[in-house]
Amino acid sequence: MFEEFSPAKLLGSRCHECEVFFDIESVFYCPQFTVKYRGVPGAGLHIAKNKFGDHTLLSWNWPTLARQWLPTIDHPSDKATSEFLVTAPAKYQVVANGLLQEELDLGDGLGMTPWKRSVPIASWLNNIGAAQFAARHFGTAAGVALQTWAFPRDRDNGIFTFEEPTRPAIEFFTSHIGPYPYEKLADVQVAVMGGAMEHASAIFFGERGVTNRPAFGLLAHEISQQWFGDSVTEKDWNDAWLSEGFATYFASLASEFHAGPRCFCRRHAAFAHQHPRHGTFFFSALSSLFSASLR
Ligand SMILES: [Zn+2]
6 MFEEFSPAKL LGSRCHECEV FFDIESVFYC PQFTVKYRGV PGAGLHIAKN KFGDHTLLSW
66 NWPTLARQWL PTIDHPSDKA TSEFLVTAPA KYQVVANGLL QEELDLGDGL GMTPWKRSVP
126 IASWLNNIGA AQFAARHFGT AAGVALQTWA FPRDRDNGIF TFEEPTRPAI EFFTSHIGPY
186 PYEKLADVQV AVMGGAMEHA SAIFFGERGV TNRPAFGLLA HEISQQWFGD SVTEKDWNDA
246 WLSEGFATYF ASLASEFHAG PRCFCRRHAA FAHQHPRHGT FFFSALSSLF SASLR
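What follows is the structure in structure tokens.
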């Protein structure tokens with residue numbers, strides 16, 4: 006039985022109704038909480054039109070925005086399993102980390118999509134995307150189920166950009182690093198954001214990067230971070246350079262494996278040209294990160 010413990014404000018000033026329930030019986034053993042809240046997150050979870058003018062929803066938690074919409078310990082060292090049960094208009098498809106469970110038709114034009122994460126992940130790696138997608142399952146590589154989620158009018162571009170690089174990258178990393186750590190790998194096109202984000206088992210790619218050419222370097226970088234950055238996680242944000250450094254190096258190794266040694270040399274000559282004084286990789290996003298308050 007759950008008893009009301011105290012109201013709490015979890016989504017800042019834009020939260021309209023938040024409640025926390027505390028299981029008194031279990032306080033001395035394994036405390037359990039039920040947190041009920043509603044509102045419009047100021048950050049972390051975005052409702053945005055894509056480049057075709059269609060409504061979409063996406064999360065983008067990096068580095069410390071999960072706390073804006075998820076009641077969680079928002080720190081890279083604290084990992085947990087979880088499940089999202091997402092209710093949305095039935096015309097939208099929902100993608101997230103983990104494994105898709107049975108989808109339900111709730112009637113009245115609504116559907117419920119459950120995605121379950123059985124492998125613990127850090128808070129910022131949790132993600133959801135909802136849109137009208139052209140979703141494709143394109144088989145397996147090294148036993149890993151592969152998926153592409155592109156906007157319908159970018160369906161063919163999604164195949165070009167994602168599918169050709171994903172298969173050899175997965176095969177390379179599983180043979181050189183170890184077994185793939187998650188339930189599946191989905192490459193997902195999202196609105197508004199640029200670049201890409203290595204969310205565990207559901208990588209988000211900015212919509213403008215989905216073209217009629219394979220993006221091998223970008224895909225290899227993000228896929229390598231399933232191992233370095235997602236599975237092997239920095240203890241604190243000061244160590245983020247390790248996951249980016251490993252990803253940069255392993256993406257170059259995968260490019261060498263895929264396209265020959267000249268490709269490796271070209272990539273690193275380009276890095277040296279960008280930062281000739283120190284020959285190191287510069288990660289601009291961290292400059293603001295170090296001043297962020299973490300709890
Ligand atoms: Zn990266």
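First residue of the sequence shown: 6, per the numbering used here; consecutive thereafter.
The C-beta atom is built at its ideal place from N, Cα and C for all residues, glycine as well.
What number of angstroms, rounded off, separates the C-alpha of residue i from the C-alpha of residue j?
i	j	result
H263	R172	11 Å
A108	Y187	According to the sequence as given, residue 108 is Glu; it is not Ala. Roughly 21 Å separates the two Cα atoms.
S260	G112	48 Å
F295	V99	Residue placement at F295 is poorly supported in this model, since its pLDDT is 42, which falls under 50; the coordinates are not used for a value here.
L151	V40	34 Å
A220	E169	9 Å
D3	T216	Here the chain comprises residues numbered 6 to 300, so residue 3 is not present and cannot be evaluated.
Q231	V149	12 Å
A274	I175	25 Å
H226	G116	34 Å
T179	S229	10 Å
D161	D192	14 Å
A201	F89	22 Å
I164	T145	15 Å
S289	D110	Bear in mind that the predicted position of S289 carries a pLDDT of just 47, short of 50, making it unreliable; the figure below should be weighed with that in mind. Straight-line Cα distance between these residues: approximately 44 Å.
F38	V237	28 Å
R51	A71	The sequence shown places His at residue 51, not Arg. Those two C-alpha atoms are separated by around 12 Å.
R141	G49	26 Å
P36	L75	18 Å
G265	F177	14 Å
Smallest Cα separation from residue i: which of the options?
i	options	result
F276	P94, Y254 and D241	Y254
H204	D235, F251, Q194 and L223	D235
L5	W129, A147, I78 and F165	Given that the chain is displayed from residue 6 to residue 300, the structure contains no residue 5 and the question cannot be resolved.
P94	K54, H60 and V124	H60
E239	A127, S229, A201 and N66	A127
T166	S180, F209 and N55	F209
Q106	Y97, K121, K96 and T92	K121
N66	F57, P81 and P125	P81
S64	K96, S87 and W129	W129
K56	T69, M198, G222 and S87	M198
V91	P68, R218, A136 and P125	A136
R271	G222, S248, G250 and A252	G222
K96	F177, G114, F251 and R141	G114
A156	G58, C35, I52 and P36	Reading the sequence as shown, one finds Phe at residue 156 and not Ala. Residue G58 is the option with its Cα nearest to F156.
Y185	D83, V124, C35 and A53	V124
Classify residue i as helix, strand or coil using the three-state DSSP reduction.
i	result
L258	helix
E107	coil
W67	coil
I228	helix
S289	Residue confidence is low: S289 scores 47 on pLDDT, short of 50, so the model does not pin down where it sits. No coordinate-derived value is stated.
T238	coil
M6	Confidence at M6 is low in this model, with a pLDDT of 29, below 50, so its placement is unreliable and no value can be given for it.
F138	coil
I164	helix
G44	strand
S206	coil
H60	strand
H51	strand
D192	strand
P81	coil
Quick one: measure Cβ to Cβ for residue i and residue j, integer angstroms, because I've assumed they're closer than 8 Å.
i	j	result
Q73	G47	6 Å
G214	V195	Actually they do not touch by this definition, with Cβ atoms about 10 Å apart.
G103	S257	Wrong, their Cβ atoms sit about 30 Å apart, outside the cutoff.
A101	I78	That belief does not hold up - the Cβ atoms of A101 and I78 are roughly 19 Å apart, past 8 Å.
W154	F138	5 Å
W242	P68	6 Å
Measuring only between beta-carbons, confirm whether residue i sits less than 7 Å from chain B.
i	result
Q230	No chain B is present in this structure, which holds just one protein chain.
So does residue i have its beta carbon nearer than 6 Å to some heavy atom of ligand 3?
i	result
E249	Ligand 3 is absent from the structure shown, which contains only ligand 1.
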